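Trainee: Chains as they are written, first to last, in my numbering: chain A, 1 to 550; chain B, 1001 to 1217.
Glycine included, every Cβ here is placed at the ideal spot set by N, Cα and C.
The structure displayed is predicted, hence computed values, not measured ones.
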Amino acid sequence: MTIRASLEGRHLLVTGFTGFLGKVWVAFLLDRVPEIGKITLLVRSRREESAVERVRAIFERSPALRPLREKHGAGLIDLVRDKIEVLAGDAREPLMGIDPAVLSQLAPRLDAVVHCAGLTDFSPDPIQAIDINVCGALHAADVASRTPDKRFIHVSTCFVAGETDGEVPERVDAGVSPNGTRFDVDAEMLAVRSACATINEREGGPKRFAARRGRVDLGTKRAQALGWPNLYTYSKGLAEQALVVRDDIQLTLIRPSIVECARSFPFPGWNEGLNTSGPIVWMCRGYAWKVPMRADNTFDVIPVDTVARGMTVAVADALADRAEPVYQLASGEVPERFTFDRALDLTALKVRRGYVPTAVSPLERALLTHLDSTALDQGADRSVLLPAAAKATRWLRDTFRRFDGEKHLPASVAKEDRDRWHSKIQDASMKMNKTSRLLESIEALWKSYQPFIHDHDYRFSTRVIRERSAELPEQERVELGWDLDDLCWRTYWMDIEVPGLDKWSLPLLAGKEAPEDDPVDLGGDPPSVAAALLPASSAPSHVHDIGGAE
Amino acid sequence: MENRAALFRLEGTLSPRPTLTGAAWLSLNARRVRARMLGLSSFALAGPLALGGAASRAGELAWSTLEGMSEDRLIVLGELYADEHVIPDLSEVGVELLERCRTQGWRLALLTDNLDVIAEPVARHLGIDVVIANSMDLDEHGRATGKLREPVLGPSLGGRVLEARLAGHGIDLRTACAYGSHRDDSPLLGAVALPCAVTPDRGLRRMARDLDWPVVG
């Protein structure tokens, strides 16, 4: 079996193209497997931007598509016309919002549905998490069930393993949660929805802050009762459980671990959004000298392009009707296991090489470069320093705020001086307020990461992808197969991951936008893909064949 | 011609920094402050030992301060030390001799009893392809044991260990030329066909004069 032969002329419906993994995988496929027949991208329209416009913007500007723009130049439009079509839809809606009439024309042409869309927040609103991660997957599966071969490839996460330790096999135990509790997915979703409705009623409406907090607390408690540490893993776990019992689809589950910066495709360091490592690196570059991690636990990071390779192998297997039920894409089994201790050490060494915030004094720079972060081997819930520091800054903030020049300064002090002191102390109060909020958010972040960086040491089995990759012909294995065995963590972390996060992710923490490429100039009139993104007259009303004539 | 090699001792001939300085710098950049303090106190003992003539014992003590340091840290700090402290301070005389040997078609080799993690970046900078240096012994977790990997090159380079290491690179010590600066280099200079003392210390200068070795600088 070869990947190219499996994918040749095939037609895939892909969701989640606007996400980090989705766009890298589609770009990877278009770049490395030009034999692919057609990719229909199901994309949600926004109020200010249609699905077609969103896809067009990604092809024109996203760095993930840069290799295609560089390779094809003005000819990119021909590739897009040939390979891509855009379908407006929403995974939260039944049949992903696709008009049944459209679906009846589209479904017979589809060879598989690949569902990458999902919510990746650790603490989302439980209703939103269920709607997107569980119902979204079920709606996508409904579409797959209407295709001739009923192939459905669902992108999940390794962390559906929940609160467990040690080896995580590539299987799903239907109806059993990570802590061994037997449960029913439908009943579970119903229970969460009705409890959330009660909270909304009690708090005076779903949009009230207290209602949202109540829903998140409730959902988190429910997740933890079943052995999932948070709402993200809970909703992903429920989706797997709901899918695995369906007999109207041919299900293949793909479970990546922590998806991080690209190793080589689209180019080294590419990342999008705030992933798990971003805040950790950001804090270790600052004053986080004692980090609430367990030093020897595996930090299961995987480059996004390695996940794209694994997905390509899994989808090719599914199309050849030889897929295994689960493909875990993780790095814990590479010869050189990556631990949190090593990640901290390498981050500190990167700081030594001059990777420090730019706006710091020479003294601060010296401190930051010479005091290295180490693992505390203690969970954030037992941390004393951070809550104490937050409490102290709050106390200072309140004390400063209460300062009144008239009242607290002797009468002999001139009015001008009083006003100056008053203003200075109020500024200090504002700074303390900012600091206390920062400390509180850091504490909350460490607590949300705790299950993954301290409490559990996972060893995700990757037998399937390694075996399937080994079966590939030499050239395909190099171009498309599993490529983790020769990974040097030192080079990856110091030369790719940290600079990649710095460029693409950390600006988001400062409230800035990540950079985009200059829009491609295809030359001529119309000059860009934009003009070619028009609804095709032959296509169903919801399907926009990129480059087709109106 | 294949075996005609020019051997340059790093310490003295190319760099004014002694081996122990590199060990001390690495030790003072250990990950934990406690390890740095322990390193500092060990060097307070190693210095007098080295000055008192017990260079090997001083070396053992110095390297033992790196126990527990990760391979990553050794490599990255080794590069940093080379970039920040060795390369900017390379001896003009030594580099000129090296370039002359290169022009004349000699194969270049860098010899040092320092760690390979420091020597290799220097060799890369100078375009030297053969590096004969010590390596830190690592445990199964990739952490330094604090001992050098056997066979260890002592401060006085020479003897069978060096001969075997050079032979591994196809270099015959007896037909090579060598450049040294300290009395410790006399076994090396005595073993080669063409010895040369470069800005030698008093001991080596006297020996060069007695044995009629050329002296540069």
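Residue 372/A versus chain B: which residues are under 7 Å apart at the beta carbon?
Mentor: Those within 7 Å of residue 372/A in chain B are 1031.
Trainee: When you compare only the Cα positions, how much space is there between residue 547/A and residue 21/A?
Mentor: For residue 547/A, the predicted structure reports a pLDDT of 42, less than 50, and the residue's modelled location is therefore unreliable. The matter cannot be settled from this model.
Trainee: Closer than 6 Å by C-beta to residue 441/A: which residues in its own chain qualify, once you throw out the five before and the five after it? Chain order, please.
Mentor: Answer for residue 441/A: no residue qualifies.
Trainee: Give the interface partners of residue 346/A over in chain B, defined as CB-CB distance under 7 Å, in chain order.
Mentor: Within 7 Å Cβ-Cβ: 1072.
Trainee: Between 1049/B, 1133/B and 1104/B, which lies nearest to residue 1153/B when the distance is taken from Cα to Cα?
Mentor: Ranking 1049/B, 1133/B and 1104/B by Cα distance to residue 1153/B puts 1133/B first.
Trainee: Could you work out which residues of chain A lie near residue 1080/B, taking near to mean beta carbons separated by less than 9 Å?
Mentor: Going along chain A in sequence order, the residues near residue 1080/B (Cβ under 9 Å) are 349, 352 and 353.
Trainee: Is the segment 322 to 337 of chain A close to the segment 397 to 416 of chain A, with three or more CB pairs under 8 Å?
Mentor: No: fewer than three Cβ pairs fall under 8 Å.
Trainee: Can you find at least 3 beta carbon pairs, one from the segment 59 to 72 of chain A and one from the segment 143 to 150 of chain A, that sit closer than 8 Å?
Mentor: Judged by Cβ distances under 8 Å, the segment 59 to 72 of chain A makes no contact with the segment 143 to 150 of chain A, as fewer than three pairs qualify.
Trainee: Would you please verify whether the beta carbon of residue 2/A is less than 8 Å from any beta carbon of chain B?
Mentor: Chain B contact via Cβ: absent.
Trainee: Which bits of chain A does residue 1130/B rub up against, with CB to CB less than 8 Å?
Mentor: Per Cβ cutoff of 8 Å: no residues; residue 1130/B is ~24 Å from chain A at best.
Trainee: Taking residue 1136/B as the reference, give the member of 1103/B, 1059/B and 1049/B with the closest Cα.
Mentor: Looking at the Cα atoms, 1059/B is the closest of the given residues.
Trainee: Determine the direct distance from the alpha carbon of residue 16/A to that of residue 1139/B, and round the result to whole angstroms.
Mentor: Straight-line Cα distance between these residues: approximately 45 Å.
Trainee: Taking the beta strand (DSSP E) that residue 15/A belongs to, which residues open and close that run?
Mentor: Taken as a continuous stretch (DSSP letters only), the beta strand (DSSP E) holding residue 15/A covers 11 to 15.
Trainee: For the segment 1076 to 1107 of chain B, which residues have a CB atom closer than 7 Å to at least one CB atom of chain A, in sequence order?
Mentor: Correct list: 1076 and 1080.
Trainee: Does residue 1141/B pass the burial test, meaning 16 or more other C-beta atoms within 10 Å, or should it be called exposed?
Mentor: Classification of residue 1141/B: exposed, given that the 10 Å Cβ count is below 16.
Trainee: In whole angstroms, what separates the C-alpha of residue 1111/B from that of residue 1198/B?
Mentor: Straight-line Cα distance between these residues: approximately 14 Å.
Trainee: Residue 342/A versus chain B: which residues are under 8 Å apart at the beta carbon?
Mentor: Per Cβ cutoff of 8 Å: 1070 and 1072.
Trainee: Taking 8 Å as the CB-CB cut-off, is residue 490/A touching chain B?
Mentor: Yes, its Cβ sits closer than 8 Å to a Cβ of chain B.
Trainee: Classify residue 1127/B as buried or exposed, calling it buried when 16 or more other Cβ atoms lie within 10 Å of its own Cβ.
Mentor: Looking at its Cβ environment, which holds fewer than 16 other Cβ atoms inside 10 Å, residue 1127/B is exposed.
Trainee: Taking the C-alpha atoms as reference points, what is the distance between residue 3/A and residue 321/A?
Mentor: Roughly 12 Å separates the two Cα atoms.
Trainee: When burial is assigned at 16 or more other CB atoms within 10 Å of the CB, is residue 179/A buried or exposed?
Mentor: Burial call: exposed.
Trainee: In the DSSP assignment, find the unbroken beta strand (DSSP E) run with residue 1114/B in it and report its ends.
Mentor: Start and end: 1107 to 1115.
Trainee: State whether the segment 194 to 202 of chain A contacts the segment 271 to 289 of chain A, with contact taken as three or more CB pairs (one from each stretch) at a distance under 8 Å.
Mentor: Judged by Cβ distances under 8 Å, the segment 194 to 202 of chain A makes no contact with the segment 271 to 289 of chain A, as fewer than three pairs qualify.
Trainee: Can you list, in chain order, the residues of its chain with a C-beta nearer than 6 Å to that of residue 297/A? Leave out the 5 residues immediately preceding and following it.
Mentor: Same-chain partners within the cutoff: 340 and 457.
Trainee: Who are the Cβ neighbours of residue 369/A in its own chain at under 8 Å, not counting the five residues just before and after it?
Mentor: Once the five neighbours on either side are set aside, the close Cβ partners of residue 369/A are 351, 352, 354 and 356.
Trainee: So what does DSSP say about residue 400/A, is it helix, strand or coil?
Mentor: It is helical.
Trainee: Rounded to a whole number of angstroms, what is the C-alpha to C-alpha distance between residue 466/A and residue 489/A?
Mentor: Roughly 19 Å separates the two Cα atoms.
Trainee: Excluding five sequence neighbours on each side, which residues of the same chain lie with their C-beta closer than 6 Å to the C-beta of residue 159/A?
Mentor: Closer than 6 Å at the Cβ level, and outside the excluded window around residue 159/A, lie 233.
Trainee: Pair every Cβ in the segment 1153 to 1164 of chain B with every Cβ in the segment 1053 to 1068 of chain B, then say whether three or more of these pairs are closer than 8 Å.
Mentor: Yes, since at least three Cβ pairs between the segment 1153 to 1164 of chain B and the segment 1053 to 1068 of chain B fall closer than 8 Å, the two stretches touch.
Trainee: When you compare only the Cα positions, how much space is there between residue 1094/B and residue 1180/B?
Mentor: Near 10 Å, if we compare the C-alpha coordinates of residue 1180/B and residue 1094/B.
Trainee: Just confirm the distance between the C-beta atoms of residue 1109/B and residue 1130/B, as a whole number of angstroms; I'd bet it's less than 8 Å.
Mentor: Their Cβ separation, rounded to whole angstroms, is 4 Å, which keeps residue 1109/B and residue 1130/B in contact under 8 Å.
Trainee: Answer with buried or exposed for residue 1081/B, where buried requires no fewer than 16 other C-beta atoms within 10 angstroms of its C-beta.
Mentor: By the 10 Å Cβ count, residue 1081/B comes out buried.
Trainee: Are the Cβ atoms of residue 64/A and residue 96/A separated by less than 8 Å?
Mentor: Taking 8 Å as the Cβ cut-off, residue 64/A and residue 96/A do not qualify as a contacting pair.
Trainee: For residue 1209/B and residue 1063/B, I'd like the C-alpha separation in whole angstroms.
Mentor: If I take the Cα positions, the gap works out to 35 Å.
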